[in-house]
Amino acid sequence: MKPIIGVDPGASGAASYRNPDGHKVVRFKDKKSYDVVNNLKYIMIDDLFGGTPILAVENTHAFPKDTPAHAYSFGRNAGRMIGAIESYLRVDPVFVDPKTWQRFFGLGGKYKDTTERKNAHKKVAQKICPDLKVTLDMADAILIAEYIWRTQGGK
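Under this note's numbering, think of the first position of the sequence shown as 423, with each following residue one higher.
Here you go:
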């Protein structure tokens, strides 16, 4: 089975490396893109024969209510992280719509606010990774990688 790297591309997102042994996560918060790539190299070193991973990236976008500065900042940060990982792996990313992976895990409902939604995601990710201390900023990356793992069988 091919390993998967699931990416939640926001500035406080993460990348989750999924192989048959489970998940290993690199958080983006307070890291430059080259630090993220170096961390990915470190966690992938244990899996030298796993093959080239599938790079699965959440297909995110700015929202109409976002200010132009916020939308620009989000796009710049996401582009830097995705570009750095993509150039290191030398693979084209597969983009996954948020609603697709969220529905798969039964997370498509209405929430009163972002905190409630993120906590629901964290709870599901923690069940998938009981040995990790899952945080709000890594939960989506874990779920994206796990979605591809389960639906594409790591193929």
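Cβ coordinates follow ideal geometry from the N, Cα and C atoms, glycine included.
Legend entry - W523 beta carbon less than 7 angstroms from that of I566: yes
Legend entry - Endpoints, alpha helix (DSSP H) assigned at G533: Contrary to the premise, residue 533 reads as Tyr rather than Gly in this sequence. Per DSSP, Y533 lies in no alpha helix (DSSP H) segment and is marked neither H nor E.
Legend entry - Reference N441; option with closest CA among D430, G473, F450 and D457: G473
Inset, instruction - Could you round the C-beta distance between P552 and A500 to whole angstroms and report it? I think they count as a contact, below 8 angstroms. - result: Between A500 and P552 the Cβ distance is about 29 angstroms, and since that is not below 8 angstroms, they are no contact.
Legend entry - For A484, the three-state DSSP class (helix, strand or coil): coil
Inset, instruction - Indicate, with yes or no, if the ligand NAP has a heavy atom lying under 6 angstroms from the CB of D562. - result: This structure simply doesn't include the ligand NAP, nor any ligand for that matter.
Legend entry - Residue of H445, K540 and V556 minimising C-alpha distance to P425: H445
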